[in-house]
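Chemist:
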DNA sequence: AGCCAGGTCTGCG
DNA sequence: CGCAGACATGGC
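Numbering (full-length UniProt numbering), first residue to last: 1 to 300.
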């Protein structure tokens, strides 16, 4: 067992966790021999995830693996949480829903999906960009922003910029050089607003979820869906439940018996149903449903 | 060649 | 509230 790596749980699934649409700074890299590896940037660290004797391990590229760093990695990969238990509970709760027939088979293979504890500002910017956009292009834009305004970490890897750094970038530069399109104004104002309210945002991690949700939704380019994403992926509030087109579709089917097909459920109703059925596992349930329905699209 | 994308904002009944 | 349209950009 190498002492310069941190071992991930046996069930860990890098495709589902790293490339599944919760984070945008991981990429698959084919190692010599055709083995799949993954490289990502988190805060000031560049890391690779690779298989050693059948088990996935994380290695830091640009830092020594001190005890402190091990702890930091454990936090990012949420290693203290019992995902096997959480998965089992969630599968049971899903099966209990009216329109769950067939879903069990689709959800069972998602056991290796974990929720990463990501830096919130990067999540915020990423999901503002995600609106009306494609996953590959979101990744591309985040990479450009990092390369242009973030601290260099290695030859080809850059940290995501701080709010203060992004706040100095004019909207026109965001549009013409980072290709963010009409979101240029949102991102510029949002970065300025956050950089200018450091007193609140520096301690936002301790802010109650409802207050935080209000502060987020007040930011330009942040609606209900993006706010929930930031609460979930950036502030690790597992009761958050982002409702996008896929999840709306999934929940409509799951609640089929409660509402005739012709009357469309409101997002309000869907959110309440998520709270009662999933409770504090709503966030993971959302990611499961998102993944399950995206898979249906690719192989119907 | 178009269509469309992890929505949000604006303006109107 | 609920609904319609616009919205930059580029992958598929």
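The beta carbon of each residue, even a glycine, is placed where N, CA and C say it ideally should be.
Assign residue 289 to one of three DSSP states: helix, strand, or coil.
Modeler: helix
Chemist: In whole angstroms, give me the CA-to-CA distance for residue 159 and residue 121.
Modeler: 12 Å
Chemist: I'd like to confirm the pairing. Which residues does DSSP put opposite residue 30 in its beta bridges?
Modeler: Looking at the DSSP assignment, residue 30 forms a beta bridge with 36.
Chemist: With a floor of 4 residues, list each alpha helix (DSSP H) that falls wholly inside the stretch 194-274, ordered by position along the chain.
Modeler: 198-201, 209-217, 224-229, 245-254
Chemist: Three-state secondary structure (DSSP) at residue 48?
Modeler: strand
Chemist: Are residue 31 and residue 50 closer than 8 Å when you measure CB to CB?
Modeler: yes
Chemist: DSSP on residue 151, reduced to helix/strand/coil?
Modeler: coil
Chemist: Mind the definition here: the stretch 164-177 touches the stretch 112-120 only if three or more C-beta pairs lie below 8 Å; say whether that holds.
Modeler: no
Chemist: For residue 16 versus residue 285, is the C-beta spacing smaller than 8 Å?
Modeler: no
Chemist: Judging by CA-CA distance, which residue of 124, 64, 230 is the nearest neighbour of residue 3?
Modeler: 64
Chemist: Quick one: measure Cβ to Cβ for residue 117 and residue 78, integer angstroms, because I've assumed they're closer than 8 Å.
Modeler: 6 Å
Chemist: Going by DSSP, what residue range makes up the beta strand (DSSP E) through residue 114?
Modeler: Run containing residue 114: none; DSSP gives neither H nor E here.
Chemist: Determine which residues share a DSSP beta bridge with residue 56 and list them.
Modeler: 51
Chemist: Taking just the CA atoms, how far does residue 6 sit from residue 73?
Modeler: 8 Å
Chemist: Using a Cβ-Cβ cut-off of 7 Å (strictly less than) and excluding sequence neighbours within five positions of residue 45, which residues of its own chain qualify?
Modeler: Counting only Cβ-Cβ distances below 7 Å, and skipping sequence neighbours, we find 60, 62, 63.
Chemist: Helix, strand or coil: which one does DSSP assign to residue 91?
Modeler: Helix, per DSSP.
Chemist: Within 10 angstroms of the Cβ of residue 200, are there 16 or more other Cβ atoms? Answer buried if so, exposed if not.
Modeler: It counts as exposed.
Chemist: In chain order, what residues of the same chain lie with their CB nearer than 8 Å to the CB of residue 154, ignoring the 5 residues before and after it?
Modeler: Once the five neighbours on either side are set aside, the close Cβ partners of residue 154 are 46, 61, 62.
Chemist: I'd like to check one pair, residue 42 with residue 124: are the Cβ atoms closer than 8 Å?
Modeler: With a cutoff of 8 Å on beta-carbon distance, residue 124 and residue 42 are scored as not near each other.
Chemist: Ignore the nearest five residues each way along the sequence and tell me which others in residue 87's own chain have a CB closer than 6 Å to its CB.
Modeler: Same-chain partners within the cutoff: 111.
Chemist: So, for residue 128: in the same chain, excluding its five sequence neighbours on each side, which residues have a beta-carbon less than 7 Å away from its beta-carbon?
Modeler: 183, 186, 187, 190, 221, 222, 226
Chemist: Just how far apart, CA to CA, sit residue 218 and residue 208?
Modeler: 16 Å
Chemist: Give the DSSP bridge partners of residue 158, in chain order.
Modeler: 152
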